[in-house]
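The next block holds one structure in the form of structure tokens; read it before the comments.
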Amino acid sequence: MLKRVFGSSLGKKYVMAITGLVLLGFVIMHMIGNLQLFLGREALNRYAAFLQSLGELLWVARIGLLASVGLHIWAAVTLTLSNRAAKPVRYAVANPNASSYASRTMIYSGLIVLAFIVFHLAHFTLGLTHPEQYALIDEQSRHDVFGMVVSGFQSPWVSGFYILAMGLLFAHLSHGISAFCQSLGLRNAANHSLIDRAARVISASLFVGNSLMPLAVLLGYGKDLVR
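Heads up: the sequence shown is residues 0 to 226, going by numbering that gives the first Met the number 0.
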């Protein structure tokens, strides 16, 4: 069973589709939680403390997400290599209209987003890049996530990289959502236009929602609240 799933192109497409759906759900929930930045220090720190209180359940979720990321990348890379091997001779005249720019650059946007995820985890989750920000404590002796995020986004380089990654995530998802709907048999001739529009709306909403945070901090939000 596992050999049929992981050894065939169709099985790999299912793996990529299901893991993509899991990761999309996480990105949406992660954005909703992080937007509590605009509710102030108490709201965001309380939310972060609640997540930490989940203990082992939080680590189960993290391991599941990491496994999904690993499987998603594996399926994407192996499918890309298989497709290239099946077409060793390039066409004399390329036809860029046959596919969207987002679909042609899926593997590259995905790898850059992966690099961002590694940096994001090192910065905000593990405190490896800016330990002085990660060590901030609020008045209730909780991890001061609000102060850490505001301090981190005050760097134009950090905010710029974050917004760039969100732009690439938009490009990745604008095609990826339609692709995994097709792989799961949800996209057909009758609804493909609706699904494609929905994919663009969801992707744009994630780009705007996630970009609002670094942009707001760069424009001065929260600066007077960080000690």
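Every residue gets a Cβ at the ideal spot worked out from N, C-alpha and C, and that includes glycine.
Own chain, CB closer than 8 angstroms to F160, minus 5 neighbours either side, in chain order:
Same-chain partners within the cutoff: F115, F118.
Going straight from the alpha carbon of A198 to that of A178, what length do you get?
In a straight line, the C-alpha of A198 is about 10 angstroms away from that of A178.
Give me the Cα-Cα distance between M147 and L135, rounded to the nearest whole angstrom.
Taking the straight line from one Cα to the other gives about 7 angstroms.
In terms of alpha-carbon separation, which member of T79, G24, S7, S158 lies closest to L214?
If we check each option's Cα against that of L214, S158 comes out closest.
Residue closest to G109, alpha-carbon to alpha-carbon, out of R45, N82, L22, W156:
The alpha carbon of G109 has as its nearest neighbour, out of R45, N82, L22, W156, the alpha carbon of L22.
For S142, the residue or residues it bridges with in DSSP
Per the sequence shown, the amino acid found at residue 142 is His instead of Ser. DSSP, once it has assigned bridges, lists I136 as partnering H142.
I'd like the span of the alpha helix (DSSP H) that includes R40, first residue to last.
Per DSSP, the unbroken alpha helix (DSSP H) holding R40 starts and ends at 40 to 52.
Between the CA atoms of G151 and I194 - distance to the nearest angstrom:
For I194 and G151, the distance between alpha carbons rounds to 36 angstroms.
A91 burial status per 10 Å Cβ neighbour count (16 or more: buried)
Model confidence at A91 stands at a pLDDT of 49, short of 50, so the residue's coordinates are unreliable and nothing is read from them.
Where N82 falls: helix, strand or coil (DSSP):
Judged by DSSP in its simplified three-state form, N82 adopts helix.
Closest to A60 by C-alpha separation, out of H29, L224, V216, P155, would be which residue?
Answer by Cα proximity: H29.
Per DSSP, what kind of secondary structure is R199 in: helix, strand or coil?
Residue state for R199 is assigned as helix, using DSSP reduced to three classes.
Give the secondary structure of F179 by DSSP, where H, G and I count as helix, E and B as strand, and everything else as coil.
In the structure shown, F179 sits in a helix (DSSP, three-state: H, G or I).
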